[in-house]
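Colleague:
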Amino acid sequence: MAGTLVLDESDLDLLPPSMRQFALEYGLPALLCLVEAYAGTRVRVPVNPNTESDLFRVLGGEVYLALVKAHPGETYEVARCLRAARHLVYRQIQKDSLELSQRELALKYKYTERHIRNIEMLGEVPPDRNGSLF
Numbered sequence: 281m282a283g284t285l286v287l288d289e290s291d292l293d294l295l296p297p298s299m300r301q302f303a304l305e306y307g308l309p310a311l312l313c314l315v316e317a318y319a320g321t322r323v324r325v326p327v328n329p330n331t332e333s334d335l336f337r338v339l340g341g342e343v344y345l346a347l348v349k350a351h352p353g354e355t356y357e358v359a360r361c362l363r364a365a366r367h368l369v370y371r372q373i374q375k376d377s378l379e380l381s382q383r384e385l386a387l388k389y390k391y392t393e394r395h396i397r398n399i400e401m402l403g404e405v406p407p408d409r410n411g412s413l414f
C-alpha cells in the first residue's frame, strides 16, 4: 500500500532514513500518527493482526493491516522527528489543496476543516507553537 505522496522524494530528506521509508510505503499522514504516538521508542509489528492493539488505533485499519502483512515481527525505531513530519504533511496539504476541497483534505488528513483553512491561508508551514523546547 503506497501512500499518495505528492512531494518529491528529495523533500523527505528532512526525515531519518527509516522514517523516510515508512512515509514512502504508508504515506505522510500515517508517519505523522506514528511519530506523534511513539517518537523515541521502538514499535514491534505483530505477526498476526490484532484490532485491539494500540498500533491499530494509532495507524488506522488500512495502514495497520498493510504494515502487518508487509513487515510481520519487525521492530521499528521511531525517530523523534515530529517537527519534520508535521512540516512535510503541511506542505503536502498545501499542494493537495489545488485539487481537493477543504472537506476532502480534512477527512484525508484527519484534521478539522478550520485547521486545513489555517494551513492554506498561511501559504507556508505554520510555526511550531511550542518553539524549540529541546
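Residue numbers (my numbering): 281 to 414. Don't be surprised by glycine CBs; every beta carbon is placed ideally from N, CA and C. A quick note: this is a predicted structure, and the numbers were derived from the prediction, not measured.
In terms of residue numbering, what span does the alpha helix (DSSP H) encompassing Tyr370 cover?
Modeller: On the sequence shown, residue 370 is found 90 positions in, with the first residue counted as 1. Tyr370 -> alpha helix (DSSP H) spans Leu362 to Asp376.
Colleague: Relative to the alpha-carbon of Leu387, which residue among Leu304, Pro309 and Pro326 has its alpha-carbon at the smallest distance?
Modeller: Position 107 of the sequence shown, counted from the start, is the residue given in the question as residue 387. Residue Pro309 is the option with its Cα nearest to Leu387.
Colleague: Could you tell me the distance, in whole angstroms, from the CA atom of Asp293 to the CA atom of Arg300?
Modeller: Walking along the sequence shown from the start, residue 293 turns up at place 13. Walking along the sequence shown from the start, residue 300 turns up at place 20. Roughly 7 angstroms separates the two Cα atoms.
Colleague: Have a look at Leu362, Asp291 and Leu347 and flag the residue whose alpha-carbon is nearest the alpha-carbon of Thr253.
Modeller: This structure does not reach residue 253, given that the chain is present from 281 up to 414, and the question cannot be answered.
Colleague: Counting along the chain, where does the alpha helix (DSSP H) carrying Tyr344 start and finish?
Modeller: Translated into positions along the sequence shown, residue 344 becomes position 64. Its alpha helix (DSSP H) spans residues Gly341 to Ala350.
Colleague: Pick out whichever of Glu384, Lys390 and Arg371 has its Cα sitting closest to the Cα of Met401.
Modeller: Residue mapping note: residue 401 aligns to position 121 of the sequence shown, counting from 1. Of Glu384, Lys390 and Arg371, the residue nearest in Cα terms is Arg371.
Colleague: So, under 8 angstroms CB-CB, Ala365 and Leu295 are touching, yes? Tell me the CB distance rounded to an integer number of Å.
Modeller: Your numbering for residue 365 matches position 85 in the sequence shown. Your numbering for residue 295 matches position 15 in the sequence shown. Their Cβ separation, rounded to whole angstroms, is 7 angstroms, which keeps Ala365 and Leu295 in contact under 8 angstroms.
Colleague: Could you have a look at Glu393 and say whether DSSP puts it in helix, strand or coil?
Modeller: Residue mapping note: residue 393 aligns to position 113 of the sequence shown, counting from 1. Three-state result, Glu393: helix.
Colleague: Taking all protein chains shown into account, do 16 or more other C-beta atoms lie within 10 angstroms of the C-beta of Ala359, making it buried, or fewer, making it exposed?
Modeller: Working through the sequence shown from its first residue, we reach residue 359 at position 79. Flag for Ala359 reads buried.
Colleague: Using 10 angstroms around the beta-carbon of Val369, count the other beta-carbons present and answer buried if the total reaches 16, otherwise exposed.
Modeller: Within the sequence shown, the letter at position 89 stands for residue 369. Answer is buried; the Cβ neighbour count reaches 16.
Colleague: Among Arg337, Pro329 and Glu357, which has the Cα closest to the Cα of Ala346?
Modeller: Start at 1 with the first residue of the sequence shown, and residue 346 comes out as number 66. Out of Arg337, Pro329 and Glu357, Pro329 has the C-alpha closest to the C-alpha of Ala346.
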